[in-house]
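Input: a single structure, listed below in structure tokens.
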Amino acid sequence: MPYNFLEHTADVKFRIESPTLEEMFSSSADALNETIRGNIKILEQKEKNFEIEGKDLEELLYNFLEELLFLLDTENFLISKIKDIKIDLENKKLKCVATGDKAENYKFTNDVKAITYHEMFIKEKNGKFICEVTLDV
Amino acid sequence: MYKKQLKKISETEYELPKTGKMNVPGKLFLSEKLLNDVEENALKQIANVAMLQGIQKYSIGLSDMHLGYGFPIGGVAAFDIETGVISPGGVGYDINCSVRLLKTNLKETDLRGREKEITHSLFRTIPSGVGRGGKLNLNENELNNVLTDGAQWAVEKGYGKKEDYLHTEENGKLENADPSAVSKRAKSRGMPQLGSLGAGNHFLDILIVDEIFDKSIAKVFGLEKGQVVIMIHCGSRGLGHQVASDYIKLMDDKYGHPDFDRGLVNAPIKSELGQKYLTAMNCAANFAFANKQLITHWIREDMKHYFPNFKTEVVYDICHNIAKFEEHIIDGEKKEVLVMRKGATRSFGPGRKEIPEDYRKVGQPVLIPGSMGTSSYVLCGTKKAEEISFGSTAHGAGRIKSRTQAHKDMTFEEAKKDMEKRGIFVEFGNQKGLIEESPFSYKNIEEVARVSHEAGIGNKVAKLKPLLVIIG
Chain U
9 MPYNFLEHTA
19 DVKFRIESPT
29 LEEMFSSSAD
39 ALNETIRGNI
49 KILEQKEKNF
59 EIEGKDLEEL
69 LYNFLEELLF
79 LLDTENFLIS
89 KIKDIKIDLE
99 NKKLKCVATG
109 DKAENYKFTN
119 DVKAITYHEM
129 FIKEKNGKFI
139 CEVTLDV
Chain B
396 MYKKQLKKIS
406 ETEYELPKTG
416 KMNVPGKLFL
426 SEKLLNDVEE
436 NALKQIANVA
446 MLQGIQKYSI
456 GLSDMHLGYG
466 FPIGGVAAFD
476 IETGVISPGG
486 VGYDINCSVR
496 LLKTNLKETD
506 LRGREKEITH
516 SLFRTIPSGV
526 GRGGKLNLNE
536 NELNNVLTDG
546 AQWAVEKGYG
556 KKEDYLHTEE
566 NGKLENADPS
576 AVSKRAKSRG
586 MPQLGSLGAG
596 NHFLDILIVD
606 EIFDKSIAKV
616 FGLEKGQVVI
626 MIHCGSRGLG
636 HQVASDYIKL
646 MDDKYGHPDF
656 DRGLVNAPIK
666 SELGQKYLTA
676 MNCAANFAFA
686 NKQLITHWIR
696 EDMKHYFPNF
706 KTEVVYDICH
716 NIAKFEEHII
726 DGEKKEVLVM
736 RKGATRSFGP
746 GRKEIPEDYR
756 KVGQPVLIPG
766 SMGTSSYVLC
776 GTKKAEEISF
786 GSTAHGAGRI
796 KSRTQAHKDM
806 TFEEAKKDME
816 KRGIFVEFGN
826 QKGLIEESPF
836 SYKNIEEVAR
846 VSHEAGIGNK
856 VAKLKPLLVI
866 IG
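Residue numbers (this note's numbering), protein chains in the order written: chain U, 9 to 145; chain B, 396 to 867.
This is the structure in structure tokens:
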């Protein structure tokens, strides 16, 4: 798995190491999603296109993950995969397609309240993109 | 290393001396036993909070403190209104995550043998879990009324009675709540979720008053041994989370963030943005008050099916994650400050105008829920708390074990057996929650309450033993 869950007493913290920035972003979405759904597989019944902006890379990642929580709360949309992700590094913009299903078709319990900036970082080291994110659960 | 720097002041108090950029020292209400479990990074967070502008006297950690984001959980700080800042990280994402205690006219024997049907029924009646909305679907106008009027909105709509909100912090309605400060995005997350418990550590418990420590105060709160009581723990759901997130971004854009922790992004209290956050935060807090009022109403309706003469009254309803303007003594003088409590409970002593009239002589009820398998406590606020902890004490058992560790240490079958052994009937959203919320994931609530009592910042009144538990 391209993501690892780290120890955090109250919340959930994960670390991603990926060969590309795009993969690092989509793996972050996978880590968030696993926190919410556990080991249940979500079917790819629907597609959502969306675009995200940020003023720096950290904010772009924060906004991207927050959008997934927003879709779950407002449209009951639970993602399965992130596809066709494109990041415009210069303008800190992201475009992607998310596939997924209606949340009410599944039984799961972990409520991720929010993405946090707590000890969040994104860095490039030895050709790898690394990030750590803490979720408020 | 922060732990090494700590100075022991007494058996229940430690000081983190002021070093580096700290404006004030840290003050921790801990026993040696509890200190052993406090993470080094949680102490770092105490020091980080002490670096914020305008902080008064000390950065406080309570007996249930542990690592959070921005502030530690179990963290309290007060800020000068002219020079100080407000930080959404000092309130938390789940604005007004809070606890309400109901007393009933039932005894333990009324419930025995009917545990399963009652728990099932409540589980069906009170919406819980992720992605499951409440029973109401409000339009934006009506939601605005909720954000302005809180629990009072719900009572006006027929969900409960006046006495319910009179026994709620701030009468269930924080003034200065302007819905125009709440984004469309936050409102759209809130609209489908009003009247739902949520998931994770949010719960509904039916408990028995197991032990009374202070008879006369227990009598004032209407509690007696053997009585069935109900505890509701939930917050402002996606609406509050989004308000926090929105203002973290706005403050970051306008003022940047402290280099030591982006989670402590803040704005001057007096600034337009600081004021706007406070009014939006009040809206989210009112949403949480209304939420618990609706749940109270549905509990009343549901329990009547089983007990036609069922009666339940609100003992009290307290905020855990909130910022409030309060008067405190600073340098010998009365002064209004902004107190931020993150995973902490207000614990005012006798006489404060903020306390409901019928409790004012004895002090404010403080509710400290334990984990789902252990006791919970009712404490009473004190004058001493006002002097040494800005009128605050602990808010719960406090986590000790990460969720990942909980899964390594225990299987679902073991967690289930453990609850059966304790004689507690549990209804849960799924198996994961039962493992993660197991009593082994939490600190010893007895010790958390004892330290609050010994330190004199919240005195023990009654101990409650869980019987039926519903976790989202």
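Even glycine gets a Cβ: it sits at the ideal position worked out from N, Cα and C.
In the three-state reduction of the DSSP assignment, threonine 43 of chain U falls in the helix class, which pools H, G and I.
Alanine 122 of chain U belongs to the set of residues whose beta carbon lies under 8 Å from a beta carbon in chain B.
Scanning the region 88-113 of chain U from its first residue to its last, no whole alpha helix (DSSP H) run of 4-plus residues comes out.
Between the alpha carbons of proline 764 of chain B and glycine 738 of chain B lies a gap of roughly 12 Å. For glutamine 622 of chain B, there is no enclosing alpha helix (DSSP H); the residue is found in the beta strand (DSSP E) stretching over 622-629. Assigned with DSSP and collapsed to three states, isoleucine 783 of chain B falls in helix. Looking at the DSSP output, leucine 618 of chain B sits in no beta bridge, so it has no partner there.
In the three-state scheme derived from DSSP, where H, G and I count as helix and E and B as strand, tyrosine 554 of chain B is classed as coil. With respect to chain U, the C-beta atom of leucine 462 of chain B has a partner C-beta closer than 8 Å. Counting C-beta atoms within 10 angstroms of its own C-beta, phenylalanine 129 of chain U has fewer than 16 neighbours from the protein chains shown and is therefore classed as exposed.
When only Cα atoms are considered, aspartate 109 of chain U and aspartate 505 of chain B end up about 43 Å apart. If one requires a minimum length of 3 residues, the beta strand (DSSP E) runs lying completely within the region 739-814 of chain B are 760-763 and 771-775, in chain order.
Any Cβ of chain U closer than 8 Å to the Cβ of histidine 515 of chain B would place that residue at the interface, and such an atom is absent. C-alpha of lysine 91 of chain U to C-alpha of leucine 447 of chain B: approximately 42 Å in a straight line. Under DSSP, methionine 735 of chain B shares a beta bridge with B:Ala472 and B:Ala718. When Cβ pairs closer than 8 Å are counted between the two stretches, the region 771-784 of chain B is seen not to touch the region 825-837 of chain B, the count staying below three. With respect to chain B, the C-beta atom of methionine 32 of chain U has no partner C-beta closer than 8 Å. The Cβ atoms of serine 833 of chain B and alanine 789 of chain B do not sit closer than 8 Å to each other. Using beta-carbon distances, lysine 54 of chain U does not count as an interface residue toward chain B, since no partner is under 8 Å.
In this structure, threonine 142 of chain U places its C-beta atom within 8 Å of the C-beta atom of threonine 124 of chain U. Comparing alpha-carbon positions, the option among B:His802, B:Asp804, B:Ala844 and B:Pro861 lying closest to lysine 816 of chain B turns out to be B:Pro861. Scanning its chain for C-beta atoms nearer than 6 Å, with the 5 sequence neighbours on each side dropped, one finds around asparagine 57 of chain U the residues Val105, in chain order. When B:Thr478, B:Gln547, B:Thr414 and B:Gly758 are compared, the shortest CA-CA separation from asparagine 686 of chain B is found for B:Gln547. A distance below 7 Å between beta-carbons, with the five flanking residues on each side excluded, links leucine 65 of chain U to the following residues of its chain, in chain order: Lys100 and Ile130. Around the CB of histidine 692 of chain B, 16 or more other CB atoms lie within 10 Å, so the residue is classed as buried. Legend: CB atoms of the region 487-503 of chain B lying less than 8 Å from CB atoms of chain U belong to residues Gly487, Tyr488 and Asp489.
For isoleucine 601 of chain B, no Cβ of chain U is located within less than 8 Å of the residue's own Cβ. The beta carbons of asparagine 491 of chain B and glycine 635 of chain B sit about 7 Å from each other, so the pair counts as a contact at 8 Å. Assignment of tyrosine 409 of chain B by DSSP, reduced to helix, strand and coil, places it in the strand class. Pairing glycine 744 of chain B with glycine 727 of chain B gives a Cβ-Cβ distance that is not under 8 Å. Look at threonine 142 of chain U here: in three-state DSSP terms it is strand. Interface residue (Cβ-Cβ distance to chain B less than 8 Å): tyrosine 11 of chain U is not classified as such. Between the alpha carbons of glutamate 83 of chain U and asparagine 534 of chain B lies a gap of roughly 15 Å. Residues of chain B with a Cβ closer than 8 Å to the Cβ of glycine 46 of chain U are, in chain order, Asn825 and Lys827.
Nearest in C-alpha terms to aspartate 804 of chain B, of all of B:Phe835, B:Val821 and B:Asn571, is B:Phe835. DSSP lists no beta-bridge partner residue for lysine 511 of chain B.
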